[in-house]
Structures are given as C-alpha cells and as structure tokens.
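Trainee: Count along the sequence shown from 1, add 175, and you get the number used in this note's numbering. This is the structure I want to talk about, given as structure tokens.
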Amino acid sequence: MPRTRMLVPLVVVVGTLAMLGLALPPLFLLVDEIAVPPASALPALPDGARVLGQQLGCGSGGCWQEVTVAAPEGMSGDELAEQVLPEGRTSAFRSIVDLRRVSSGVIDADAESARFFVQYDRWID
176 MPRTRMLVPL
186 VVVVGTLAML
196 GLALPPLFLL
206 VDEIAVPPAS
216 ALPALPDGAR
226 VLGQQLGCGS
236 GGCWQEVTVA
246 APEGMSGDEL
256 AEQVLPEGRT
266 SAFRSIVDLR
276 RVSSGVIDAD
286 AESARFFVQY
296 DRWID
C-alpha cells in the first residue's frame, strides 16, 4: 500500500512533465515569431549539391530561412528543385519530441542553382 501511495503521484508528475515538454515547442512559436528551422531541415540534397548561402526573411505571420543551393555538375537548378522537392512543397513534423511542423518549398531556380525556404508552420493563426 505505501508503495502505491508513492507511485501514483510520481506517475502523475512524470506524465505532466512529459506533456508539458511536448506542448512547449509549438506553443513557443505563438510567442516567438522569429523562430526558424535550420537549413538542415530541407529534404536531403543530391551528392555534389552545395549550399551557397542562407538568408533570414520575415514578413506578416513569421520568418523563414532562404537557402540557395548550387546544382551538382550536369544538373540544372530546375532539375535540382524537382529532385529535392518533387511536389514543390512539403510539410512534416520534426520528430515525436518536437511537434513543430516544418514546411519547405522551392522559391525559384535558374540554370545553376535553386532557392528553397524552410519555416515553421503555425497551428493557430
């Protein structure tokens, strides 16, 4: 009996802390509009592609990161964009621990490179 009295409060406390830990990252986005995911949140780049630059952009509703990627030799910027993001845009949760949704998409492409964006999607606007 004494063991149960101690175990139940412990389970409640651990469960509450776990729920709070999972809820904080998405709720933090409501307060921190400048939060942006890292460039590594882009889908995998093909071999030979290299990041030329990163730039932070902000507007109404939040911020995003623009990533300029040089296409590998023998591939155009349009082909690079098609290979990295076949549908032009994607949105996915980062992980079970971090429930923020990361959106990435193609901004534009030219003969030698493509520009992508990565940003957090907000659940509540």
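Glycine residues also receive a C-beta, built at the ideal position from the N, C-alpha and C atoms. Here the structure is a predicted model, which means the values were calculated and not measured.
For glycine 190, count the other beta carbons within 10 Å of its own beta carbon; 16 or more makes it buried, fewer makes it exposed. Which is it?
Mentor: In the sequence shown, counting from the first residue as 1, residue 190 sits at position 15. By the neighbour-count rule (16 or more Cβ atoms within 10 Å), glycine 190 is not buried but exposed.
Trainee: Throw me the rounded Cβ distance for the glycine 252 and alanine 289 pair, which I believe falls under 8 Å.
Mentor: The residue labelled residue 252 in the question sits at position 77 within the sequence shown. The residue labelled residue 289 in the question sits at position 114 within the sequence shown. Their Cβ separation, rounded to whole angstroms, is 4 Å, which keeps glycine 252 and alanine 289 in contact under 8 Å.
Trainee: How many angstroms separate the CA atom of serine 266 from the CA atom of arginine 180?
Mentor: As a working note, residue 266 is residue 91 in the sequence shown. As a working note, residue 180 is residue 5 in the sequence shown. The straight-line gap from Cα to Cα measures roughly 45 Å.
Trainee: With which residues is glutamine 229 paired in a DSSP beta bridge?
Mentor: As a working note, residue 229 is residue 54 in the sequence shown. Answer is Val242.
Trainee: Which residues in the same chain as glutamine 229 place their Cβ atom closer than 8 Å to its Cβ, once the five residues preceding and following it in sequence are excluded?
Mentor: Here residue 229 refers to the residue found at position 54 of the sequence shown. Closer than 8 Å at Cβ, skipping near neighbours: Ala214, Gln240, Glu241, Val242, Thr243.
Trainee: Pull up the distance between the alpha-carbon of valine 281 and that of leucine 197, whole angstroms please.
Mentor: Along the sequence shown, read from residue 1 onward, the residue named residue 281 stands at position 106. Along the sequence shown, read from residue 1 onward, the residue named residue 197 stands at position 22. Going by the C-alpha atoms only, they are around 30 Å apart.
Trainee: Is the beta carbon of aspartate 283 sitting closer than 8 Å to the one on proline 247?
Mentor: The count along the sequence shown starts at 1 and reaches residue 283 at position 108. The count along the sequence shown starts at 1 and reaches residue 247 at position 72. No.
Trainee: Could you give the DSSP three-state label for aspartate 283: helix, strand or coil?
Mentor: Here residue 283 is taken as the residue at index 108 of the sequence shown, counted from 1. In the structure shown, aspartate 283 sits in a strand (DSSP, three-state: E or B).
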